[in-house]
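Engineer: Chains as they are written, first to last, in our numbering: chain A, 24 to 275; chain B, 24 to 275.
Just so you know, even glycine gets a beta-carbon here, dropped at the ideal spot from N, CA and C.
Note that this is a predicted model, so its numbers are computed, not measured.
Have a look at this one before I ask anything.
There are 2 protein chains.
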Amino acid sequence: MGTVGKALDLLDLFTHQQPQMGLSALARAAGLNKATCHRLLTEMESRGLVEQAGPAREYRLGPAVLRLAALRESAVPTRDAAMPVLRRLADATGETAHLSHLVAGRLQTLAFAYSAHHGIKVTMEDADFLPFHATASGAAVLAFLPEAEAARILATLPAPAVVRERMDHCRQHGWAETVSTFEKDVHGTAVPLFDTAGTCTGALAVAAAAPRMTPALHATITAELARAGAEITALRGGQVPAPLARLWQIPA
Amino acid sequence: MGTVGKALDLLDLFTHQQPQMGLSALARAAGLNKATCHRLLTEMESRGLVEQAGPAREYRLGPAVLRLAALRESAVPTRDAAMPVLRRLADATGETAHLSHLVAGRLQTLAFAYSAHHGIKVTMEDADFLPFHATASGAAVLAFLPEAEAARILATLPAPAVVRERMDHCRQHGWAETVSTFEKDVHGTAVPLFDTAGTCTGALAVAAAAPRMTPALHATITAELARAGAEITALRGGQVPAPLARLWQIPA
DNA sequence: TTGATCGGTTCATTATTTGAACCGTTGGTT
DNA sequence: AACCAACGGTTCAAATAATGAACCGATCAA
């Protein structure tokens with residue numbers, strides 16, 4: 024792995040739980056020498072990608088990332104364009120809707136919307152990674168990924184057989200499902216999303232409170248998901264594969 | 024300059040005007056060998072920081088930057104926290120308000136808010152860089168930067184003497200001003216912002232349509248800017264320097 | 001056909017990265 | 001007060017990774 028990769032890996036160490044860390048902690052977590060880590064960090068700091076905060080000189084993500092994100096959204100309005108659809112999906116189902124993207128082999132939460140209908144709802148955090156083995160989104164994405172890439176990811180999962188079942192189900196019905204796997208009492212349903220080349224790039228999901236689930240609600244969720252999934256894919260100029268388009272009952 | 028710096032410099036080549044570029048164009052613009060450029064790009068692509076789009080395989084910013092930005096805002100809510108203040112400032116003055124941040128020696132637009140009062144307003148774009156020599160924000164930031172850093176930046180400007188005058192004005196009155204320098208018929212007024220250490224980190228500005236400017240409007244703008252500047256600095260736990268706090272008529 | 005440019009690759013040369021040991025500080029314990 | 005451990009940061013010879021001229025096949029225009 025090159026130097027740049029090591030530097031970028033450092034950025035992945037920052038999480039919601041630990042948004043800033045000291046030099047030694049970062050070096051330890053990344054498996055780097057302290058001196059190496061320091062050089063990478065100062066180099067990134069000089070471009071504003073990270074910055075040092077407080078008297079302890081801890082490092083955290085810098086303001087330059089905001090510019091990059093604004094530029095990305097302006098060039099490819101993935102998030103902003105999907106937000107209205109996401110909100111309507113949350114409203115129509117009365118549950119929490121969320122959007123995720125496949126980035127470098129991981130499923131990254133991009134956006135979410137809560138419904139106002141219920142006091143109890145599934146809460147989410149932005150910028151987290153979803154585990155492929157325990158989410159409907161993961162199964163939906165894997166189901167429509169090129170076999171080679173799907174296999175590569177499946178090989179890293181604890182229970183590939185179970186996930187394969189969910190993938191088959193998704194290919195047959197047009198949506199994937201998990202019940203109380205990611206979090207207890209959360210009923211997840213998801214559909215895949217596609218880019219212009221017809222490649223699966225992410226998923227759209229509804230996370231419902233399991234105790235509330237009824238056949239009627241379930242029917243609403245799958246129908247709304249198909250509609251919203253087709254809409255977001257269309258917004259991006261994406262191509263839904265023909266078999267899936269039939270299941271979703273939309274024009275190819 | 025290290026390898027990481029070169030890679031990160033590539034990211035700065037993407038702009039609103041040119042959100043995606045081919046390999047050769049990037050190499051040329053960055054002054055890199057094509058092979059070197061390619062290696063850096065593929066390394067960044069593997070982490071999702073850039074991606075390739077379309078049949079021409081042009082490169083553009085990738086989805087990973089969205090995660091980084093969301094994480095940054097969650098840890099240090101610079102933009103989100105300031106938005107309400109920015110909107111109130113635009114409403115109170117009837118003009119365009121914007122917020123900028125000093126990042127790696129450049130002034131980066133972070134956010135802006137339009138007023139609904141007038142049909143004609145100064146329009147802005149996010150994620151652009153403001154020139155120090157032609158904006159009130161630039162003068163305001165330079166006026167309260169450590170002398171060494173200010174001098175370093177001033178040395179790169181076309182007309183440092185004029186900018187020094189604006190800086191002096193800002194130190195005396197608490198706000199900086201430019202008329203028709205950045206764009207014709209735009210009257211800019213700005214105040215500096217500070218972090219916890221009392222270091223100047225950015226500026227808050229109002230860009231007004233020059234023909235509309237009256238002594239009364241001008242008084243409103245400077246008063247509202249002082250209020251809003253103090254508020255944003257306070258929101259961040261920042262320290263306004265004592266002399267400036269007196270000018271703004273706020274508690275030290 | 002020719003020629004120019006594109007994205008991408010190769011590999012000997014070269015320059016950069018690397019990491020053990022070091023420094024000065026800080027903060028808690030004895 | 002003395003001690004110790006951990007912190008952020010620096011040094012420099014040794015080792016590794018970055019570099020770039022030349023090259024490939026493809027595309028496009030003349």
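(1) From B/H61 to A/T38, what distance separates their C-alpha atoms?
(2) Does B/R90 get closer than 7 angstroms to chain A when you measure Cβ to Cβ?
(3) 7 angstroms is my cut-off, CB to CB: does A/V27 come that close to chain B?
(4) Could you tell me the distance, in whole angstroms, from the CA atom of A/L91 to the CA atom of B/M67?
(5) Would B/G77 and B/A87 be called neighbours here (beta carbons separated by less than 7 angstroms)?
(6) Given B/L153, which residues of its chain have a CB within under 7 angstroms of its CB, disregarding the five upstream and five downstream residues?
(7) Name the residue from A/M24, A/T26, A/A52, A/L46 whose alpha carbon lies nearest to the alpha carbon of A/D35.
(8) If you draw a straight line from the C-alpha of A/L94 to the C-alpha of A/T237, how long is it?
(9) What is the DSSP secondary structure of A/F37, counted as helix, strand or coil?
(10) What did DSSP end up calling A/H61 once you bin it into helix, strand or coil?
(11) Verify the CB distance criterion: does B/A157 have a CB-CB separation below 7 angstroms to chain A?
(12) So if DSSP puts B/V185 in a beta bridge, which residue, or which two residues, is it bridged to?
(13) Given this structure, state the Cα-to-Cα distance separating A/E81 from B/L168, to the nearest angstrom.
(14) Does chain B have any CB closer than 7 angstroms to the CB of A/G71?
(15) According to DSSP, what are the bridge partners of A/R83?
(16) Comparing C-alpha positions only, which one of A/A79, A/K29, A/A113, A/Q40 sits nearest to A/A21?
(17) When Cβ atoms are compared, which residues of the segment 38 to 71 of chain A fall closer than 8 angstroms to chain B?
(18) I believe A/A150 touches A/M106 by the beta-carbon criterion, under 8 angstroms. Please report the beta-carbon distance rounded to the nearest angstrom.
(19) Between the C-alpha atoms of A/S138 and A/G211, what's the straight-line distance to the nearest angstrom?
(20) Check whether the segment 265 to 272 of chain B and the segment 237 to 253 of chain B touch, using three or more Cβ-Cβ pairs below 8 angstroms as the test.
(21) Suppose you measure from the CA of B/G54 to the CA of A/L89; what does that come to, to the nearest Å?
(22) Using 7 angstroms as the threshold, is the C-beta distance between B/T119 and B/A30 below it?
(23) For A/H124, which beta-bridge partners are listed by DSSP?
(24) Could you tell me which uninterrupted alpha helix (DSSP H) segments, each at least 4 residues in length, are contained entirely in the segment 190 to 266 of chain A, listed from first to last along the chain?
(25) Provide the residue span of the alpha helix (DSSP H) that contains B/A166, from first to last.
(26) Look at B/E200 and B/T116 and say whether their C-beta atoms are less than 7 angstroms apart.
(27) What first and last residue would you give for the alpha helix (DSSP H) that runs through B/K107?
(28) Give me the subset of the segment 95 to 127 of chain B whose CB atoms are less than 8 angstroms from a CB atom of chain A, sorted by chain position.
(29) Please determine, among B/G221, B/E172, B/A232, the residue with the shortest C-alpha to C-alpha distance to B/T276.
(30) May I ask which residues mark the beginning and end of the alpha helix (DSSP H) holding A/A171?
(31) Less than 8 angstroms between C-beta atoms, sequence neighbours within five positions excluded: which residues of the same chain meet that for A/E74?
(32) Beta-carbon of A/R83 versus every beta-carbon of chain B: anything under 7 angstroms?
(33) In whole angstroms, give me the CA-to-CA distance for B/C223 and B/G197.
(34) Please identify the residue among A/A98, A/K57, A/T158, A/Q43 whose C-alpha is closest to the C-alpha of A/A206.
(35) Nearest to A/I143 by CA position, among A/P234, A/A178, A/V214, A/R175, is which residue?
(36) I'd like to know whether the C-beta of B/P86 is nearer than 7 angstroms to at least one C-beta of chain A.
Structural biologist: The structure says:
(1) One C-alpha to the other measures close to 29 angstroms.
(2) Closer than 7 angstroms to some Cβ of chain A, the Cβ of B/R90 qualifies, so yes.
(3) Closer than 7 angstroms: yes.
(4) C-alpha separation (whole angstroms): 14 angstroms.
(5) No.
(6) Sequence-distant Cβ neighbours of B/L153 in its own chain, meaning closer than 7 angstroms and more than five residues away, are S123, L130, T132, S160, G161.
(7) Measuring C-alpha to C-alpha distances from A/D35 to each of A/M24, A/T26, A/A52, A/L46 identifies A/A52 as the nearest.
(8) About 43 angstroms.
(9) In this structure, A/F37 counts as coil in the three-state DSSP scheme.
(10) Looking at A/H61 - three-state DSSP - the assignment turns out to be helix.
(11) Among the CB atoms of chain A, none fall inside 7 angstroms of the CB of B/A157.
(12) In the DSSP secondary-structure assignment, B/V185 is not bridged to any residue.
(13) Rounded to whole angstroms, A/E81 to B/L168 spans 22 angstroms at the Cα level.
(14) Interface residue, yes.
(15) Answer is A/Q43, A/E74, bridged to A/R83.
(16) In the structure as shown, chain A starts at 24 and stops at 275, and residue 21 of chain A therefore has no counterpart that could be examined.
(17) For the segment 38 to 71 of chain A, the beta-carbon criterion of a distance under 8 angstroms to any beta-carbon of chain B is satisfied by T38, H39, P42, Q43, R62, L63, E66, M67, S69, R70, G71.
(18) The Cβ separation is near 15 angstroms, so there is no contact.
(19) Rounded to whole angstroms, the gap between the alpha carbons of A/S138 and A/G211 is 15 angstroms.
(20) These segments touch.
(21) For B/G54 and A/L89, the distance between alpha carbons rounds to 26 angstroms.
(22) Against a cut-off of 7 angstroms, the Cβ pair of B/A30 and B/T119 comes out as no contact.
(23) For A/H124, the beta-bridge partners assigned by DSSP are A/Q131, A/G225.
(24) Fully enclosed alpha helix (DSSP H) runs of 4 or longer: 238 to 258.
(25) Its alpha helix (DSSP H) spans residues 159 to 166.
(26) Contact flag unset, no.
(27) One detail in the question is off: residue 107 of chain B reads as Pro in this sequence, not Lys. It spans 101 to 116 - the alpha helix (DSSP H) in which B/P107 sits, taken as one unbroken run.
(28) Look at the segment 95 to 127 of chain B: the residues with a C-beta under 8 angstroms from a C-beta of chain A are R95, E96, S97, A98, V99, T101, R102, H124, V126, A127.
(29) A query on residue 276 of chain B cannot be resolved here, the shown segment of chain B reaching from 24 to 275 and no further.
(30) Its alpha helix (DSSP H) spans residues 170 to 177.
(31) For A/E74, the CB contacts under 8 angstroms within the same chain, skipping 5 residues up- and downstream, are E68, Y82, R83, L84, G85, P86 in chain order.
(32) True, the Cβ-Cβ gap to chain B drops below 7 angstroms.
(33) Between the C-alpha atoms of B/C223 and B/G197 there is a straight-line separation of about 13 angstroms.
(34) According to the sequence shown, residue 206 of chain A is Glu rather than Ala. Nearest of A/A98, A/K57, A/T158, A/Q43 to A/E206, Cα basis: A/T158.
(35) Comparing alpha carbon positions, the residue from A/P234, A/A178, A/V214, A/R175 closest to A/I143 is A/P234.
(36) B/P86 counts as touching chain A.
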